[in-house]
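The listed protein sequences derive, respectively, from chains X and L. If you count the first sequence from 1, position 109 lands on 108 in numbering that gives the first Met the number 0, and the numbers rise without skipping. If you count the second sequence from 1, position 81 lands on 80 in numbering that gives the first Met the number 0, and the numbers rise without skipping. Glycine is no exception: its CB is placed at the ideal position from the N, C-alpha and C atoms.
There are 2 protein chains.
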Amino acid sequence: MDMNAAQPEAGSPERAPRVPRTERGRRTQRAILDAAAAEFGEKGFHESSIVSITIRAGVALGSFYTYFESKEALFKALVQDMSARVRDHVAPVLAERPRPGVEAEGAALGAFLVFAREHKEIYRIIDEAEFVAPEDWRAHYLNTARRIEERLTAAYGRGELAVRPDEVHAWAIMGMNVFLGLRFGVMDGDADLADVAAKANALLKNGLG
Amino acid sequence: MDMNAAQPEAGSPERAPRVPRTERGRRTQRAILDAAAAEFGEKGFHESSIVSITIRAGVALGSFYTYFESKEALFKALVQDMSARVRDHVAPVLAERPRPGVEAEGAALGAFLVFAREHKEIYRIIDEAEFVAPEDWRAHYLNTARRIEERLTAAYGRGELAVRPDEVHAWAIMGMNVFLGLRFGVMDGDADLADVAAKANALLKNGLG
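Structure (structure tokens):
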């Protein structure tokens, strides 16, 4: 067995995708993941095929199996990749210009709405993961909510929030963000995303009452 | 063609389910829908079968085809039925004791959380509808958000809200509700749902800032 192969996850029947050792390998793996996002996003898991994904990616079928064991393993890897890309798209926006308390959540939402509009396929893929890769689907939401709760808790510690935050607030904010992304990022290509983020953030900050 | 048959929906290739003319017929159709909720919720659409659903329902296969044209038509009818049941579970709670402004949304959330815990299968069914019955999935969310927006707009007209509500607020609240139901109604069977609803409603009313 390749010593560079990542260890299988607890409880997972599939081997995790192999970590490429060369820049060329990383590019190939990236090309396969991008082609998979397009293919799964367009056709759904069941109608998608490895052959079609390798053609889209412009890589040989053998290269596919160097990195992924099966269509299921690729789908799992794609869900983890998209979850990480959402995180990595939002994090620099927050790091670049730290905002106090609830305003950081508005900036995070604004960044997420732009990401959702540019990567509409993420909804179909994450939503289908509930059925095709339920552990990864669950992990995506648990991790996302945990990051929100950590940000809120830090803001509360700095005296920037009036309410002690907990998991309820984190899941409420995540649900808001997911549905606003679906409605205004994916369904409606023309909505003013900055306006949507500002309204939602005013709701979070001051409420409607 | 039976004159009692409902007209097909625009754009839908399937005939809508036949409306039963007798109380016995209504009971049979209800038994099929309840068995379908259990079967689809447990096995998902693709692994579920009409034969197995009729056995669960205790009805003859012929009775199934009296009311539904196919497994797809049954699934569509079930999504519409669940969407209506959520609505009909929440509406009397609001009608029984009208609450001002944002508090009505807290009562609606509280009622929904109880419904979600008692009907955990609703999540799997509505979520799978994105792939199996996308028009009905979309209609469910558009209708639910419209009801929230109508309630908010009426409350604003009575001077009970500080902010003029629009579709952004309605989708934000719906997203909050859906994710709180998933986390605390479905994933966690022990959470104190009244506490969850109260925290989320305080967030809606006064914000965190």
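Burial state of residue i (16 or more Cβ within 10 Å)
i	result
residue 148/X	buried
residue 45/X	exposed
residue 82/L	buried
residue 206/X	buried
residue 48/L	exposed
residue 145/X	exposed
residue 188/X	exposed
residue 141/L	exposed
residue 110/X	buried
residue 60/L	exposed
residue 76/X	buried
Supposed contact pair residue j and residue i - C-beta distance, whole angstroms, cut 8 Å
i	j	result
residue 172/X	residue 104/X	6 Å
residue 208/X	residue 101/L	5 Å
residue 124/L	residue 78/L	7 Å
residue 52/X	residue 38/X	5 Å
residue 112/X	residue 184/X	5 Å
residue 127/X	residue 114/L	About 25 Å separates the two Cβ atoms, so there is no contact after all.
residue 202/L	residue 168/X	6 Å
Alpha-carbon spacing of residue i relative to residue j, whole angstroms
i	j	result
residue 8/L	residue 16/L	Per-residue confidence for residue 8/L stands at a pLDDT of 40, beneath the threshold of 50, marking its modelled position as unreliable; no derived number is given.
residue 195/L	residue 179/L	8 Å
residue 74/L	residue 21/X	48 Å
residue 181/L	residue 55/X	36 Å
residue 190/X	residue 163/L	18 Å
residue 24/L	residue 70/L	19 Å
residue 63/X	residue 108/L	47 Å
residue 116/L	residue 197/X	33 Å
residue 106/L	residue 92/L	7 Å
residue 135/L	residue 86/X	31 Å
residue 170/X	residue 199/X	15 Å
residue 133/L	residue 160/X	40 Å
residue 122/L	residue 36/L	11 Å
residue 57/X	residue 58/L	53 Å
residue 34/X	residue 94/L	51 Å
residue 177/X	residue 154/X	22 Å
residue 50/L	residue 29/L	16 Å
residue 66/X	residue 118/X	24 Å
residue 97/L	residue 151/X	33 Å
residue 156/L	residue 99/L	11 Å
residue 4/X	residue 19/X	For residue 4/X, the predicted structure reports a pLDDT of 39, less than 50, and the residue's modelled location is therefore unreliable. A value from the coordinates is still provided. Each residue's alpha carbon lies about 9 Å from the other.
residue 80/L	residue 204/X	36 Å
residue 72/X	residue 26/X	18 Å
residue 137/L	residue 166/L	15 Å
residue 193/X	residue 186/X	16 Å
residue 42/X	residue 84/L	31 Å
residue 158/L	residue 143/L	23 Å
residue 31/L	residue 31/X	44 Å
Test: residue i CB closer than 8 Å to a CB of chain B
i	result
residue 75/L	Note that chain B does not occur in the displayed structure, where the protein chains are X and L.
Closer than 7 Å, Cβ to any Cβ of chain X: which residues of the region 109 to 129 of chain L, in chain order? 126, 127, 129
Against chain L: residues of the region 92 to 108 of chain X by CB proximity under 7 Å: 100, 101
Ignoring anything shorter than 4 residues or poking outside the region 72 to 158 of chain L, list the alpha helix (DSSP H) runs there in chain order. 101 to 117, 120 to 131, 133 to 156
Every unbroken alpha helix (DSSP H) inside the region 154 to 191 of chain X [4 residues or more]: 166 to 179
Near-chain L residues of the region 185 to 200 of chain X (beta-carbon distance less than 7 Å), N- to C-terminal order: 195, 198, 199
Return the residues of the region 27 to 47 of chain L that lie within a Cβ-Cβ distance of less than 7 Å from chain X, sorted by chain order. 43
Of the residues that make up the region 137 to 163 of chain X, which ones have a beta carbon closer than 7 Å to any beta carbon in chain L? 160, 161, 162
What runs of the alpha helix (DSSP H), each 4 residues or longer, lie entirely inside the region 18 to 60 of chain X? 22 to 46, 49 to 56
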